[in-house]
Structure formats: structure tokens, C-alpha cells
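This report refers to the structure that appears directly beneath it.
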Amino acid sequence: MMIAIDGPAGSGKGTITKILAEKFGLINIDTGAMYRSIALAVLNNHIAPDDKEKIIEIAQSIKIELKEDGTILLNGEDVSKKIREKEVSQIVSPISSIVEVRKIMVKKQQEIAKGKNVIMEGRDITTVVLPDADYKFYLDADIEERAKRRYMQNQENGIEMSLEEIKENIQKRDYNDMHKQVGALKRTKEQIYIDTTNLTIDEVADKMIKMIKE
Ligand code: DC
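In this note's numbering, the protein residues as written are 2 to 215.
Printed below as a string of C-alpha cells:
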């Protein structure tokens, strides 16, 4: 079974994916974490965020591992928390717009999924990475709600960003992610659209579990 989930930042994709992965015994693939790992490597290597050639080299050479427990390893180092920091969030969207970077990542994502039961979330999963997935969802919520959710998550993870800063970052990323030359976040007729603004995580999960069982 393959489940693909797309949606903007803070729409609940990550949390829902974890719940459904456990429920149906699927491998959970957070593709945003892969782009975030490249962004972190760019920062660690003091590469300018607009130096495309060097960024492509980084994308080709780094080793990203997504562990079953959700841990993200970058060249063997646990970066699960670092990739959520403000500095990474500020540069990840433009980095993920580089067409070559996307080619490398999409190939990796398709290789990870090949022949396995997976649930994968991101921006271009339903459209580019797994267009033949059994279930394709688009999760959404209004900007105020999404900023609030990300604020709470950051608080839990000890990441200092004000609600205003988060809202501004999400808005910028959404615009950029929806207007990419390749792999833009899009709504399509094949996706099941769920507005999660007024739903709890459990309500969203229940709704999706029912649809999958049916
Ligand atoms: O899901 P996230 O917020 O952790 O993703 C971080 C960035 O990575 C997001 O702004 C866009 C990019 N991304 C992408 O371009 N394609 C994906 N499949 C997943 C994420």
C-alpha cells in the first residue's frame, strides 16, 4: 500500500502521517526532512543560499537516513532537532526550488518507496513522487491555525520563534512552494481534500482511516 499526502506547512501532515503509519504498519517518509537536511548541510558548510552549484554538490554527496523511530541522520549525525531550527526554515524553500536538487531527492524518495508499504508526505508526493499511490490526500488549514500549531510544536522542541515570525515564514514558504517551476504544491482532482482548521488530530486521523478502510 502507498499513501501520499501533500499540503502546506503546519497542515498536520507530519502528525497524521505518524498516526497512519503506526495504524497500518507503513514506513513513514518525511520528505520535508530531506530538504531540511540539505539546508542544514548548506549552513554547516558556510555555503551561500544562492550558490546553486555548491548546493547541488551537497545534495549529491550527503547521506540522509530516515529511521523508523523518526530520527533523521545527516552523514551519521542525529539532526532531528537542528533541521527544525529557524535558520533552516528560512532557507529551505528556495533550496528546494533548485530543479537539480529536486531531481536528486525525488529519485531517492522513489527508491526508498519501491516495493514497500509506505506513507509519504511533502509537497509533490501526490503529483510527482508517487502519482500512482493508492490514496492521495491534500491536507490544509487556515494560516492562523497553522502558525499556532507550528508555534506549539516549536515550544515542545525548544525552538524559539515568535508566533508572528512563524506566520511570516510559513506565508513566504507557502507562496514559494506553490509557485515552483518544478514540483510545486498543487491541488488536483485526484486528491482527497481535507480542511483540518476546525478538526482535532484524532478527528482528522479517524476520517482518513475510515476512507482507507472503505
Ligand atoms: O514539510 P516541511 O515544512 O518540513 O518542508 C520543508 C520545505 O521543504 C518546504 O518549505 C518545501 C520543501 N519541500 C518540498 O519542496 N517538497 C517536498 N516534497 C517536501 C518539502
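Don't be surprised by glycine CBs; every beta carbon is placed ideally from N, CA and C.
Per-residue DSSP class, three states only, for residue i
i, result
"Leu27", "coil"
"Val89", "helix"
"Ala5", "strand"
"Ile160", "coil"
"Leu131", "coil"
"Gly13", "coil"
"Val119", "strand"
"Ile195", "strand"
"Leu67", "strand"
"Glu204", "helix"
"Glu215", "coil"
"Lys82", "coil"
"Lys168", "helix"
"Lys173", "helix"
"Lys187", "coil"
Contact test: residue i Cβ vs the ligand DC heavy atom, cutoff 8 Å
i, result
"Asp31", "yes"
"Val93", "yes"
"Asp51", "no"
"Lys181", "yes"
"Glu219", "No answer is possible for residue 219: the residues shown for the chain start at 2 and end at 215."
"Gly184", "yes"
"Asn177", "yes"
"Tyr36", "yes"
"Ser81", "no"
"Ile126", "yes"
"Arg150", "no"
"Val130", "yes"
"Arg174", "yes"
"Arg219", "Because the chain in this structure spans residues 2 to 215, residue 219 falls outside the shown range and cannot be described."
"Ala10", "yes"
Residue i Cβ short of 8 Å to the ligand ADP heavy atom set
i, result
"Gly13", "Within the structure as shown, the ligand ADP is missing, the only ligands being the ligand DC."
Start-to-end residues for the alpha helix (DSSP H) that takes in residue i
i, result
"Glu112", "100-114"
"Lys55", "53-62"
"Val43", "32-45"
Selection from the options that minimises the alpha carbon distance to residue i
i, options, result
"Lys64", "Ile56, Glu78, Lys55, Asp70", "Glu78"
"Lys115", "Arg124, Asp133, Glu101", "Asp133"
"Lys53", "Phe25, Gln156, Val93", "Val93"
"Gly71", "Lys190, Glu204, Asp203, Ala22", "Ala22"
"Ala148", "Glu112, Pro9, Gly26, Ile105", "Pro9"
"Leu140", "Met2, Gly11, Glu86", "Gly11"
"Gly123", "Ile84, Asp135, Gly15", "Gly15"
"Thr32", "Asn76, Val205, Glu86, Thr127", "Thr127"
"Thr269", "Asp175, Ala40, Glu146, Asp135", "Not covered by the structure: residue 269. The range shown for the chain is 2 to 215."
"Ile28", "Glu112, Ile195, Leu41", "Glu112"
"Ser163", "Tyr176, His47, Arg103, Lys87", "Lys87"
"Glu66", "Ser90, Val130, Tyr36, Ile48", "Tyr36"
"Glu161", "Arg85, Ala42, Met3", "Arg85"
"Thr189", "Arg103, Tyr136, Met106", "Tyr136"
Continuous beta strand (DSSP E) stretch holding residue i: start and end
i, result
"Asp143", "Where Asp143 is concerned, there is no enclosing beta strand (DSSP E), given that its DSSP letter is neither H nor E."
"Leu74", "73-75"
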